[in-house]
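Accompanying notes for the structure given below.
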Amino acid sequence: FTLSIMVGSGWKREVAVFGARVWRKGAAGLTATAPLPIEAVPLTLAHAYGGKDQWDGLDVPYPLNPDGVGCYLWEHSAEGKPLPSLEETDQLITSWEDKPMPAGVGPCPPMSGIRLARLAGPSLRAYAAGKPNPGAEGPPLQFDATFFNAAHPRMIVPSVEPGTRIGISGV
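Per this note's numbering, residue 6 is the first one in the sequence shown, and the count goes up by one each step.
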């Protein structure tokens with residue numbers, strides 16, 4: 006189902022919510038099983054994309070959400086393992102190799118990779134994109150006051166006037 010949050014008539018946020026699913030191996034490779042019926046899913050980052058996988062005996066966390074679920078480094082490590090229950094509606098997972106933004110509607114911890122990414126400047130974004138000479142793009146860090154906002158970046162409403170109607174559906 007879809008969780009929808011509306012603020013006034015101009016701002017809307019949607020998050021896809023799934024029952025438990027796992028990756029199963031088939032003739033076409035890994036595919037997600039059908040989701041089980043949902044009784045309750047906590048709307049926390051622990052149920053969003055992220056987590057840890059093993060490489061050479063070490064835990065390798067997904068930097069944007071190390072406490073999440075569904076991030077696998079190799080196909081064999083994904084087989085039989087869970088997918089996240091919360092996904093961005095514009096970044097639904099279709100392959101074990103997908104690396105979407107962790108979906109969230111609650112607060113992000115202060116040192117969350119999702120929050121820290123708000124400070125990335127042009128050269129850091131150019132470096133992440135693999136561009137040649139990223140240093141020429143601009144500063145590596147750029148001040149963004151939304152870093153101090155604990156909300157998930159997609160939950161930050163530009164402004165809310167007193168008396169604005171707020172609606173939630175899907176819960």
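Beta carbons: idealized from backbone N, C-alpha and C, even for Gly.
Within the model, the alpha-carbon separation for V165 versus W60 is close to 46 Å.
M106 is not bridged by DSSP to any residue.
Contact annotation: V46 and S90 have beta-carbon atoms nearer than 8 Å. Excluding the 5 residues flanking it on each side, W16 has same chain C-beta neighbours closer than 7 Å at V162, in chain order.
With contacts defined by Cβ atoms closer than 8 Å, L41 and A83 do not form a contacting pair. Bridge partners of G55 according to DSSP: G75. Taking C-beta separations shorter than 7 Å and ignoring five residues to either side along the sequence, the partners of P145 in its chain run G126, S128, L129, following chain order. Taking every protein chain shown into account, the CB of N138 has fewer than 16 other CB atoms within 10 angstroms, so this residue is exposed.
Within 10 angstroms of the beta-carbon of H157 lie 16 or more other beta-carbons, which makes it buried. Linking G140 to Y67 through their CA atoms gives a straight-line distance of about 25 Å. Judged by beta-carbon spacing, G75 lies beyond the 8 Å limit of A51, meaning their Cβ atoms are not closer than that value. Taking C-beta atoms as the reference points, G55 and L78 fail to come closer than 8 Å. Taken atom to atom, the span from the alpha-carbon of N154 to that of E44 is near 31 Å.
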